[in-house]
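Residues 0 to 419 in numbering that gives the first Met the number 0 are what the sequence shown spells out, letter by letter.
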Amino acid sequence: MSIPYVRKALILAGGRGTRLGALTEELPKPLLPVGGVPFLEYVIWNLVRWGISDIILSTGYRAEAIRERLGDGAAMGARIHYAEENSPLGTGGGVRFAAAHVAEPFFVLNGDTLLDCNFQPLAQLVYQHQAKAGIVLREVEEAGRFGAVDFSNNHIHGFHEKGAAGSGLINGGVYVLTPAAVHALPLGASSLERELFPLLAKEGTLVGTVCNGFFLDMGLPSTYGEAQRLLPAWKKKAVKKTVIVDRDGTLIVEKNYLHNPDEVEILPGVVEGLLLLRQHGYSLMVATNQAGVGRGYYSVEEMHAVNQRLQTLLREKGVELDAMYYCLHAPDEACPCRKPAPGMLEQAACERGLSFESSFVIGDKECDILLGKYAGMQTVLLRTGYGAQTEQQGSQATYVADTLYEAARWIVSAADSCRG
0 MSIPYVRKAL ILAGGRGTRL GALTEELPKP LLPVGGVPFL EYVIWNLVRW GISDIILSTG
60 YRAEAIRERL GDGAAMGARI HYAEENSPLG TGGGVRFAAA HVAEPFFVLN GDTLLDCNFQ
120 PLAQLVYQHQ AKAGIVLREV EEAGRFGAVD FSNNHIHGFH EKGAAGSGLI NGGVYVLTPA
180 AVHALPLGAS SLERELFPLL AKEGTLVGTV CNGFFLDMGL PSTYGEAQRL LPAWKKKAVK
240 KTVIVDRDGT LIVEKNYLHN PDEVEILPGV VEGLLLLRQH GYSLMVATNQ AGVGRGYYSV
300 EEMHAVNQRL QTLLREKGVE LDAMYYCLHA PDEACPCRKP APGMLEQAAC ERGLSFESSF
360 VIGDKECDIL LGKYAGMQTV LLRTGYGAQT EQQGSQATYV ADTLYEAARW IVSAADSCRG
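Here you go:
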């Protein structure tokens with residue numbers, strides 16, 4: 000069975016946040032600053048870096064402040080839509096109201112918690128077991144504050160009330176809901192946690208998976224205070240394993256000095272490879288030499304048109320690129336950014352926090368491979384474009400692959416081996 004890739008997420012951001020007292024009198028809880036950044040922006044950043052950029056924000060209390068701050072989400076690489084409650088509907092009612100017309104499974108997250116996990120395995124589990132919903136679970140040393148979960152054989156069997164001391168599995172605040180689960184919610188106000196999930200657990204249609212990644216619930220004054228230190232440190236550490244990809248001959252068919260956007264053709268395996276990398280938390284950046292501009296063969300505007308066409312074609316398949324870097328100089332110009340010179344990597348490190356140590360380079364020419372070697376990155380030579388010729392001439396690449404999908408599988412495997 001082919002398992003679809005879930006690309007949509009609903010964030011519940013409409014609560015009053017009464018436990019935080021005076022802190023939420025002026026700002027809604029999801030906009031409370033953590034390290035100078037609204038908490039909700041961390042939640043969205045974490046979704047986008049895992050390749051989930053189509054987001055519905057379920058808002059209520061001070062909804063206008065959230066809309067004013069986040070807008071359409073483009074600045075964060077997301078596409079944000081809003082569902083504003085006229086009166087409090089609870090978590091279940093908020094989902095039913097916001098997702099009434101969503102026809103495919105989608106993620107649901109709380110706007111005041113963050114769990115760093117690979118989201119797609121939960122969606123895959125829901126499909127495999129034909130379940131109505133799924134929950135990411137988190138092991139904690141003290142489950143009493145949250146309420147423990149009965150879990151075995153990929154299924155959730157029930158929930159315990161808060162108060163029982165000791166370690167255990169808790170609800171991690173990340174869900175997958177199917178349309179069938181949404182339809183099981185009553186009209187009006189309701190609770191996912193108290194009404195829907197116990198019902199689905201009883202009928203055997205609620206699955207779960209365990210993730211012990213970074214977890215933070217900022218809903219109490221004490222945990223909000225801890226978040227000021229923990230969350231920025233986590234983001235700095237999580238930031239930036241990246242795959243740097245060449246454009247011509249690697250993502251798209253090599254055409255000499257391509258400048259017509261209508262001629263952009265994505266190579267086989269590219270979409271599948273980029274989606275796989277997204278599923279494993281990699282940022283995706285393009286670094287391309289465009290000497291045709293420096294030589295006067297085509298204009299900067301024509302180059303941008305080609306780049307925009309590439310991004311549109313990938314976006315239609317559910318792939319978002321985080322950044323595109325380019326060098327416009329001819330080979331005979333003194334230039335610190337033309338590959339294999341490191342200028343584009345250094346720019347990405349400055350602007351995007353690129354971590355050389357945990358990143359990879361994919362390309363079809365030796366200048367791509369040397370770019371990666373300069374920064375101490377592992378490199379993949381593709382046999383597409385000029386890659387076969389480059390291989391025959393003797394490449395210094397760490398690995399050679401026929402397609403970008405094969406390269407992505409190797410990168411995921413190599414990264415797992417390093418962690419092991």
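Quick reminder that beta carbons are idealized off the backbone N, C-alpha and C, glycines included. Given the structure is predicted, the values throughout are model-derived calculations rather than measurements.
Secondary structure at residue 178: helix, using DSSP grouped into helix, strand and coil. In the assembly as shown, residue 364 is a buried residue. Its beta-carbon has 16 or more other beta-carbons within 10 Å. Of the residues assessed, residue 115 falls on the buried side of the cut-off, its CB having 16 or more other CB atoms within 10 angstroms.
For the 8 Å CB-CB criterion, residue 283 and residue 275 do not form a contact.
Your pair residue 6 and residue 51 checks out as a contact, with CB atoms roughly 6 Å apart and the cut at 8 Å.
Non-local beta-carbon contacts of residue 326 in its own chain, meaning distances under 6 Å to residues more than five positions away in sequence, involve 288, 336, 337 in chain order. Using a Cβ distance threshold of 8 Å, residue 230 and residue 34 count as a contacting pair. Fully enclosed beta strand (DSSP E) runs of no fewer than 3 residues occupy 132 to 139 of the region 122 to 148, in order along the chain. A distance below 7 Å between beta-carbons, with the five flanking residues on each side excluded, links residue 177 to the following residues of its chain, in chain order: 104, 125, 131, 132. In this structure, residue 121 sits away from residue 42, with a CB-CB distance that is not shorter than 8 Å.
Within the region 205 to 251, the runs of beta strand (DSSP E) at least 3 residues long that lie entirely inside it are, in chain order, 205 to 209, 214 to 216, 241 to 244. Residue pairing by DSSP places residue 310 opposite no residue, since no beta bridge is assigned to it. Per DSSP, reduced to three states, the secondary structure at residue 90 is helical. Around the beta carbon of residue 328, a 10 Å sphere encloses 16 or more other beta carbons of the protein chains shown; the residue is thus reported as buried. Counting along the chain, residue 7 sits inside the beta strand (DSSP E) bounded by residues 7 to 12.
Inclusion of residue 68 and residue 87 in the CB contact set at 8 Å is not warranted, their separation being larger than that value. With fewer than 16 other beta carbons inside 10 angstroms of its own, residue 299 counts as exposed.
Straight-line spacing of the CA atoms in residue 96 and residue 57 works out to 8 Å. When the beta-carbon positions are compared, residue 187 and residue 154 stay at least 8 Å from each other. Judged by beta-carbon spacing, residue 181 lies beyond the 8 Å limit of residue 82, meaning their Cβ atoms are not closer than that value.
A distance of 8 Å or more separates the beta carbons of residue 65 and residue 71. Close CB contacts of residue 159 within its chain, under the 7 Å cut and outside five residues either way in sequence, are with 146, 147 (chain order).
The Cβ atoms of residue 171 and residue 135 sit closer than 8 Å to each other. Sixteen is the threshold: since fewer than 16 other Cβ atoms of the shown chains lie within 10 Å of the Cβ of residue 314, the residue is exposed. When rounded, the separation of the alpha-carbon atoms in residue 319 and residue 213 is 24 Å.
Contact between the region 395 to 412 and the region 345 to 358 is not established, with fewer than three Cβ pairs separated by less than 8 Å.
Take the alpha-carbon of residue 387 and the one of residue 366: they are about 14 Å apart.
Burial is judged here by how many other beta carbons sit within 10 angstroms of a residue's own beta carbon; residue 393 has fewer than 16 and is exposed. Distance from the CA atom of residue 183 to the CA atom of residue 369, rounded to whole angstroms, is 56 Å. The C-alpha of residue 137 is placed about 34 Å away from the C-alpha of residue 269. Annotation for residue 375: 355, 356 place their beta carbon closer than 8 Å to its own, counting only its chain and skipping 5 residues before and after. A Cβ-Cβ distance of about 24 Å is found for the pair residue 281 and residue 252, leaving them out of contact under the 8 Å criterion. Per DSSP, the unbroken alpha helix (DSSP H) holding residue 389 starts and ends at 386 to 392. Of the residues 240, 149, 11, 25, the one whose Cα lies closest to the Cα of residue 92 is 11.
Using a 10 angstroms sphere on the CB of residue 358, the tally of other CB atoms reaches 16 or more, which defines it as buried. Rounded to whole angstroms, the Cβ separation of residue 49 and residue 277 is 7 Å, and the two are in contact under 8 Å.
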